[in-house]
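A.B. asks: Handing you a structure now.
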Amino acid sequence: MKNLITRLKRQAQAYIDFRAQPAANINLKTHKIITTIKEAQEKQLALHAIYKDGSFTGDLVKYDPKNDKLILKNFQKNISTIIAISDINRLTLVPPTVRKSQELDKK
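The opening position of the sequence shown corresponds to residue 1 in the working numbering, with each subsequent residue numbered one higher.
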């Protein structure tokens with residue numbers, strides 16, 4: 001009930017003071033993706049991205065917050081991809097055990 005009153009109060013203030021800037025919409029999906037990227041950077045973990053055109057698993061090369069782009073390179077270091085954050089449907093961390101098994105398969 002308290003939440004409803006707060007929302008109504010905000011809407012009334014926005015209606016009365018039409019010059020005031022509207023509150024920024026928080027995109028929870030984008031926030032979760034960015035949090036996952038930062039966690040991968042801190043822990044030096046690989047990422048698995050499911051995006052519009054397919055999926056990709058690899059090491060994080062660079063995250064460009066200015067252009068909202070993510071650059072990943074696969075475990076064999078021969079293929080890389082640039083993915084727009086807005087195109088990502090799901091982004092997960094790859095466990096270190098998967099990375100070890102990929103490296104063992106390479107040898």
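Every residue, glycine too, gets a C-beta built ideally from N, C-alpha and C.
(1) Check whether the Cβ atoms of Phe75 and Gln102 lie closer than 7 angstroms to each other.
(2) Kindly indicate which three-state DSSP category Asp59 falls into: helix, strand or coil?
(3) Would you report the Cα separation of Ser86 and Lys77, rounded to the nearest angstrom?
(4) Can you tell which of Lys32, Gly54, Glu39 and Ile71 has the C-alpha that lies nearest to the C-alpha of Ala94?
(5) Which of the three DSSP states, helix, strand or coil, is assigned to Lys29?
C.D. replies: In short:
(1) yes
(2) Reduced to three states, the DSSP call for Asp59 is strand.
(3) 25 angstroms
(4) Sequence inspection shows Val at residue 94; the Ala mentioned does not correspond to that position. It is Glu39.
(5) Helix at Lys29.
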